[in-house]
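Here the structure is laid out as structure tokens; the discussion comes afterwards.
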Amino acid sequence: MFYLEYRKIEDYHDCADNPCALNATCIDLVNDFECQNCPKGFRGKRCHIKEDLCVSSPCVHGTCVDSLFKRSCLCEEGWTGENCETNIDECVDSPCKNGATCIDGIGNFTCHCQAGYRGVRCQHLIDHCAAQPCSNNATCTNLGPSYHCACLLGFDGVHCEHNIDECKLGKCNALGTETCQDGVNSFECVCKQGWTGENCEHKIDQCADSPCQNNATCVDIGSTFRCDCKPPWSGIRCEIEMGFCSSNPNPCKNDGHCVNLLGDYFCVCPEGVSGKNCEIAPNRCLGEPCLHGGVCGDFGSRLECACPKGYTGAGCQYLEDSCAPGVCKNGGECQRTSSGFHCKCTPGFTGSRCETNVDDCSSSPCPESATCIDQINTHKCLCSLNMTGAECDKPIEVDYDLHFYDPVRPSMATQSVPARLNGTAYTISLWVKFDAPNAKGTVLRMMSSSNSNYMTNDAWAMVIVTSEEVILRYKREAKPLHLHFPANQRINDGYWNHLVISWSAKSGTYSLVWNSIRLFADNWIDRRYDLNHNVTLVLGSAEYPVFEGLITRVNLWNRLLDFEKEIPIMVAGCQAADEIFDGLLVRFENYNEIVGKVERIPKSSCGREKRRNFEDENGVIRVEDCPTDQLLVSHKREMNVSWPEPTFIGVHPIVRVEKNMKQGQIVTWGEYDVLYVAHDNATNTAQCNFKIRVTREHCTDLPHPINGIQACENWGPQLKYKACSIECRDGFEFPRTPAIFYTCGADGEWRPREERNVLFRYPQCTKSVPATRVVHMSVNYPATNLCNSASKDALKNKLYEALNSVNRKWNLCTLTDNNGCVGLQVDVKCENEEEDETELVRSIRATSPSALRVQIEIPVKRNSVNEPGSIIKLSPADVIQNEVINGTTFNFEKVLPNGRPDLSSFQLVEEFSCQPGQVPIGDSCVPCAPGQFHSSVTNQCELCAEGDYQPLTGRTECFKCPTGQITPGKGAIYEQECKPNCPPGHQLDAATSTCVPCGFGFYQPSGGSFTCIACGVGKTTLTDKATSEQECRDECPDGEQLSHAGICQACPVGSYRTRGEHKQCIECPIGTTTEGKSSTRREQCNTPRCNPGQFLVRETKHCQFCPRGAYQDEPQQSTCKLCPADHTTAAPGATASSQCYSTNQCATGEYNCSWHANCIDLPDENDVPSYECVCKPFYRGNGTHCVDACNDYCLNDGICKKNPPETIECDCNEHFNGPRYELLFFFFRNLKLS
């Protein structure tokens, strides 16, 4: 039996452990639970499974963001709404100003502006005047949607484009006016002949001066007069007496002279002629008056003889002198010949009459660095400024004296080549010392010649310096000016004296300076007389009394030297003073034409002290004449430099002097340190070091800046350097701030300058115009207002009204039209409002109080303004400030809640505004200058970049150079500055504007370069188009040059090279060569250059023609080549093997032997070839004709037989014998004859 026991068990609460996540509601079930009200975005038994709320991509124009319990859409710009489905209307706040139409876009808006406005919001007035629409210097004024041109007098039209025709006013008298010429605000009446006056209103009385003669009646016919003559007068003024003699033809014949008589005439006949009309003339050719076959011509009153060749005279009675004076020119000697004459020319002239100067430069005898000057029977090599010598191979040394020491005969030293003196001024400087006090003589003459190559006999003296005076002429026919030395300021006192003579052709003034004391300075002529002369300096006397003394440091410049800065330095130093190279035309060198006793003394005594005694120097080496820093100016890229050699003196012997550069070293533009070190035998040393600066130009005088002026001062050693400041003229300003100073120092270049700029030019000044004065005001209105469109528009309208009210009261705006202040801008925003706010943010802001932020821009007058009815003047900014702070004009509490401005936020700023293309400088607007553009990024005037240019002012961009061209730096102005963009390894040749290779010893890695970079002293390149510094190599030793393979090769025969002086081997002068390869100096070009057809005789070093039978087809050979055997040449000097011809006529077929003969060549006799013809075996004859030996040889029917090698015989019959079977023989019929 079973018993069932029932026991009550308590029910378990399944929600006790809070199984539902995220605070979901837990419902307890039997042994279970259920989670209800899961948060959005979650599901599952426990609400623990996260749902993807963005899985359906609900955001139309945005990105969905799942944020656990909800999703949100981050809308793209321009969209709003829960699902970003609504396009935001950006035009709802009326962002477009000045009545513009707003067009909504996606995230933006577009404003279609009303006429006269521009800008994103149409907030700016269009500057119509920026395009310079007004012509003829009219003033342009912006008037909002339009502009106005205020014309100058004389112009009209909308743009002042029409010149008013003042001639239409009709002020010119119609009767007396030929034509009216219209001008600008003027006119000119061009009168007819016979009328005068400003308007041609006065008639000229043509008869007022009684022009008619001999009681004639004058009739005024308007523009001229007419004379009514009384008999017997005629002519325009009745000045000619009429008569028979005035008839045509003249009644008197045979050159008779007609004389008028009353009602008749009379003929005065030549000798031998008679008759009323001189009509009876003798036969003048009777009796053969013309001798020696001359042809007589009878011309009635005279006869003329046409003489045969060789005779002259009225009757051909004289033998003609073919050597009449002057028939041979230029000193030629006339020699009579059977056919006339022959001119024997002096050396240097040619032509039938010796009229042509032989061009001695035709063979190019000068080195490449020199210019050949043709003279009479010679030439001169015009060297660069620092080289001299017949071949320009010696450095110039100016430290010497010329001593003139002949007390009896005149002595002179003349320059060999004239110098070209052009321009408007010259200065001559010289040092002179007379051997004896109070001696007389001429020291210097500057001669002007008609020939630029040599001084001609017609030369005249422009300057003469004597012991007593200086004589000046500015042209040959001008009266000379005599400047006498004062008694106590003479040059013949026995000491060294310095003279400076200058003349300015521009101002007509002269100056004479003696030892830095100006003796004379005054005007000479009033009018300008430009210099255009070929001048030659002649030192010494050409006549008595003769000059005895010393002359040194004679120089000529084509400019005026500075009296205060340059001349004192020359006087203080004499030989120690540096040469002034600026404008230097003639240095103290090349006085090669010597007459009389003139000695060149090295080491001038001028300015030198006696050497010290070295007995107490204790072995120290002293340096004398150590050069100061040298400055050389050369437009050539490479030049050979030289300098005065220093002297080392000591107690102990000097054993060696070392130096890092040698005389004649080839250098380019740059700076070089030269060092000398002397050593004596006691181990003492001494140094001399200095710098050599070579520049293309050195501190050249700069023109004033455009529309400005410069003020310059000299500074530095011997005042060689310059510093300049610049400023603009009145009414002009610099659009870019200039440097305080522009300086030129040791390198000769002006700085500061833009990097890579080849050219230097000052900044330009441009015409400044008054700037527009603008007041910027900002103020807040408190935060009791709702920030919505209605609030902002209401405040904006009230502000416009308030500001226009202030303008009506004070008249402070620049321009005012019917709408009020032109250019007034008012902007109202909510506090902290951003431009890119979303519509949601704006809608939230519109429903909550927010302060309103006000920004105002007002164009105001530049000057102070008066309150109406008051004498008080205030600036426009003060007026506005007073109205805001003290007045009620800007209090809008009646319109807006708490509409009073928050004065703590009030700010007011003044500035000057300019148009695009201009920058504000003070209260003016300055247009950007040519070569510049106005940058919208920096709001400054910037230089045009390389490859751009701009010729105009006030521009916002630059023009581009044509493709493939570039400018020499920034700031180019003209299109002509665009040059070819040269590739690497090239540079621009400024003279031809073409790209040329850099040349040996230079390189250029960049394209578009105007110069190449030098490798440096002692370096060269393999090619002339090197593009990197790595291509620079050490120079080869003397006598060698770099090959394209980069190895040193010997200079070929006929060339030479000195290391440091030449980049490549140099060809010897024309007509010379070297004895072998590897020549190192020009002196080794001591052998004549033998041409083809010649060979060199080494012993005598002369060229000789190859003899006959030999030839030479190569130049510079010491032997000739022989023709083949039995060959010779027609004459000596054969140049090719083809000129050898055979003398064996048998071999060449040049013979007339028979076909059956042999030709035998014979020895030539007197170069005449010969041969002999010998008949062949079994033939006979003279060689020219050979027949068969058996022909008619055997007689009497004998049979001819030929027996080798060369015999023939006859077979006899029984009755004959003999060699030819010619003998009858009865007894010995079988006997053969031998």
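Numbering-wise (the working numbering), the sequence shown opens with residue 96 and increments by one.
Even for Gly, the Cβ is constructed at its ideal location relative to N, Cα and C.
Given the structure is predicted, the values throughout are model-derived calculations rather than measurements.
### Task
Could you give the DSSP three-state label for Q1179: helix, strand or coil?
As a first step, residue 1179 must be located in the sequence shown, where it is residue number 1084. Three-state DSSP puts Q1179 in a helix.
### Message
Taking 8 Å as the cut-off, does the stretch 1231-1242 touch the stretch 1255-1267 (at least 3 CB pairs, one atom from each stretch)?
### Response
Pairwise C-beta distances place the stretch 1255-1267 in contact with the stretch 1231-1242, as three or more of them are shorter than 8 Å.
### Query
Is DSSP giving V901 helix, strand or coil here?
For the purposes of this step, residue 901 is taken as the residue at position 806 of the sequence shown. Looking at V901 - three-state DSSP - the assignment turns out to be helix.
### Message
Using 9 Å as the threshold, is the C-beta distance between E537 and A637 below it?
### Response
Residue numbering aside, residue 537 sits at position 442 when the sequence shown is read from its first letter. Residue numbering aside, residue 637 sits at position 542 when the sequence shown is read from its first letter. According to the sequence shown, residue 537 is Thr rather than Glu. Yes; because the gap between Cβ atoms is below 9 Å, this pair is in contact.
### Query
Do G759 and G1155 have their CB atoms nearer than 9 Å?
For the purposes of this step, residue 759 is taken as residue 664 along the sequence shown, with counting starting at 1. For the purposes of this step, residue 1155 is taken as residue 1060 along the sequence shown, with counting starting at 1. A contact, by the Cβ cut-off of 9 Å.
### Task
Have a look at the DSSP bridge pairing and note the partners of K439.
As a working mapping, residue 439 is identified with position 344 in the sequence shown. DSSP output for K439 lists E428 as bridge partner(s).
#### Entry: L264 to C1009 span [Cα, whole Å]
Residue numbering aside, residue 264 sits at position 169 when the sequence shown is read from its first letter. Residue numbering aside, residue 1009 sits at position 914 when the sequence shown is read from its first letter. Cα-Cα distance, rounded: 42 Å.
### Message
If I measure Cβ to Cβ from I696 and keep anything under 8 Å in the same chain, skipping five residues before and after, which residues do I get?
### Response
In the sequence shown, residue 696 corresponds to position 601, counting from 1. Correct list, in chain order: Y495, D496, L497, H498 and L645.
### Message
Can you tell me whether C110 is helix, strand or coil according to DSSP?
### Response
Position 15 of the sequence shown, counted from the start, is the residue given in the question as residue 110. If DSSP states are grouped into helix, strand and coil, C110 belongs with coil.
### Same chain only: Cβ atoms within 7 Å of S447, ignoring 5 sequence neighbours per side
Within the sequence shown, the letter at position 352 stands for residue 447. Result list for S447: C438, in chain order.
### Query
DSSP three-state call for C86: helix, strand or coil?
Residue 86 is absent from the model: the chain starts at 96 and stops at 1329.
#### Entry: Opposing strand residues paired with F683 [DSSP bridges]
The sequence position of residue 683 within the sequence shown is 588, counting from 1. DSSP output for F683 lists no bridge partner at all.
### Query
Of all the beta strand (DSSP E) runs that stay within the bounds of the stretch 539-625, which reach a length of 3 or more residues?
555-561, 564-567, 576-579, 592-599, 604-609 and 612-618
### Message
Please return the same chain residues whose Cβ sits closer than 6 Å to the Cβ of C1248, not counting the five positions on each side in sequence.
### Response
Start at 1 with the first residue of the sequence shown, and residue 1248 comes out as number 1153. Excluding positions up to five away in sequence, the list reads C1254, C1268 and G1278.
### Task
From the DSSP output, in three-state form, read off M665 for me.
As a working note, residue 665 is residue 570 in the sequence shown. The answer is helix: DSSP assigns M665 an H, G or I state.
### Query
DSSP on D711, reduced to helix/strand/coil?
By one-based count along the sequence shown, residue 711 stands at place 616. Below a pLDDT of 50, predicted positions are generally treated as unreliable, and D711, at 38, falls in that range; no measurement from the model is reported.
### Message
Only counting the same chain, and skipping five residues up and downstream in sequence, which positions put a Cβ closer than 7 Å to that of F1021?
### Response
For this step, residue 1021 is matched to residue 926 along the sequence shown. Here the sequence assigns Val to residue 1021, which means Phe is not the residue at that position. Contacts found: E828, P830, T861, S863, Q1013 and V1014.
### Query
Which residue comes first and which comes last in the alpha helix (DSSP H) that contains N232?
Counting from 1 along the sequence shown, the entry for residue 232 is found at position 137. That residue, N232, is in no alpha helix (DSSP H); it is neither H nor E in DSSP.
### Task
Measure from the alpha carbon of T1058 to the alpha carbon of each residue in E1070, L1047 and G1066, then state which is nearest.
For the purposes of this step, residue 1058 is identified with residue 963 of the sequence shown, where counting begins at 1. For the residues E1070, L1047 and G1066, the minimum Cα distance to T1058 belongs to E1070.
### Task
Would you mind working out which of Y1206, I491 and N809 sits nearest S57, comparing C-alpha positions?
No answer is possible for residue 57: the residues shown for the chain start at 96 and end at 1329.
#### Entry: Contact belief for L1191 with C1201 at Cβ below 8 Å, rounded distance in angstroms
The sequence position of residue 1191 within the sequence shown is 1096, counting from 1. The sequence position of residue 1201 within the sequence shown is 1106, counting from 1. L1191 to C1201, Cβ: 11 Å. No contact.
### Message
Just to confirm before moving on: does the CB-CB distance between H143 and L117 stay below 9 Å?
### Response
Position 48 of the sequence shown holds residue 143. Position 22 of the sequence shown holds residue 117. Cβ atoms of H143 and L117: closer than 9 Å.
### Task
Kindly indicate which three-state DSSP category A972 falls into: helix, strand or coil?
As a first step, residue 972 must be located in the sequence shown, where it is residue number 877. DSSP places A972 in the helix class (H, G or I) of the three-state scheme.
### Query
So what's H223 in DSSP terms, helix, strand or just coil?
Sequence index remark: in the sequence shown, residue 223 carries index 128 (1-based). Reduced to three states, the DSSP call for H223 is helix.
### Task
State whether the stretch 230-241 contacts the stretch 906-926, with contact taken as three or more CB pairs (one from each stretch) at a distance under 8 Å.
yes
### Message
With a threshold of 7 Å on Cβ separation, who are the neighbours of E684 within its own chain once the five nearest residues in sequence on each side are excluded?
### Response
Taking the sequence shown and counting its residues from 1, the one referred to as residue 684 is at position 589. Cβ contact annotation for E684 (same chain, cutoff 7 Å, sequence separation greater than five): T483, I491 and V493, in chain order.
### Message
Measuring straight from C-alpha to C-alpha, what distance separates C1295 and E1260?
### Response
Numbered from 1 along the sequence shown, position 1200 holds the residue referred to as residue 1295. Numbered from 1 along the sequence shown, position 1165 holds the residue referred to as residue 1260. Spanning the two alpha carbons is a distance of roughly 41 Å.
### Query
Hey, out of Y771, R732 and E850, whose CA is closest to P722's CA?
By one-based count along the sequence shown, residue 722 stands at place 627. The shortest Cα separation from P722 among Y771, R732 and E850 belongs to Y771.
### Message
Measuring straight from C-alpha to C-alpha, what distance separates Q1211 and D1221?
### Response
Looking up residue 1211 in the sequence shown gives position 1116. Looking up residue 1221 in the sequence shown gives position 1126. Roughly 27 Å between the two C-alpha positions.
### Message
Within a Cβ cutoff of 7 Å, which residues of the same chain sit near Q131, ignoring the five residues on either side of it in sequence?
### Response
Your numbering for residue 131 matches position 36 in the sequence shown. These residues qualify, in order along the chain: A119, T120 and I122.
### Query
Can you list, in chain order, the residues of its chain whose CB lies under 6 Å from that of Y569, leaving out five sequence neighbours each side?
What you label residue 569 is simply residue 474 of the sequence shown in a count that begins at 1. Contacts found: Y624.
### Query
Taking C-beta to C-beta, are G1383 and Y1044 nearer than 9 Å?
Residue 1383 is absent from the structure shown; the chain starts at 96 and stops at 1329.
### Complete beta strand (DSSP E) runs within the stretch 1017-1069 (minimum length 3 residues, chain order)
Counting whole runs of 3 or more residues, the stretch 1017-1069 contains the beta strand (DSSP E) stretches 1019-1022, 1027-1029 and 1036-1038.
### For Y816, three-class secondary structure by DSSP
Reading the sequence shown from its first residue, position 721 is the one you call residue 816. Strand, per DSSP.
### Task
Identify which residue in I1108, Q430 and A773 has its Cα closest to the Cα of P419.
The count along the sequence shown starts at 1 and reaches residue 419 at position 324. Sequence inspection shows Ala at residue 419; the Pro mentioned does not correspond to that position. For the set I1108, Q430 and A773, the Cα lying nearest the Cα of A419 is the one of Q430.
### Query
Are the Cβ atoms of A946 and Y857 separated by less than 9 Å?
Counting from one through the sequence shown, the residue named residue 946 turns up at place 851. Counting from one through the sequence shown, the residue named residue 857 turns up at place 762. Not a contact, by the Cβ cut-off of 9 Å.
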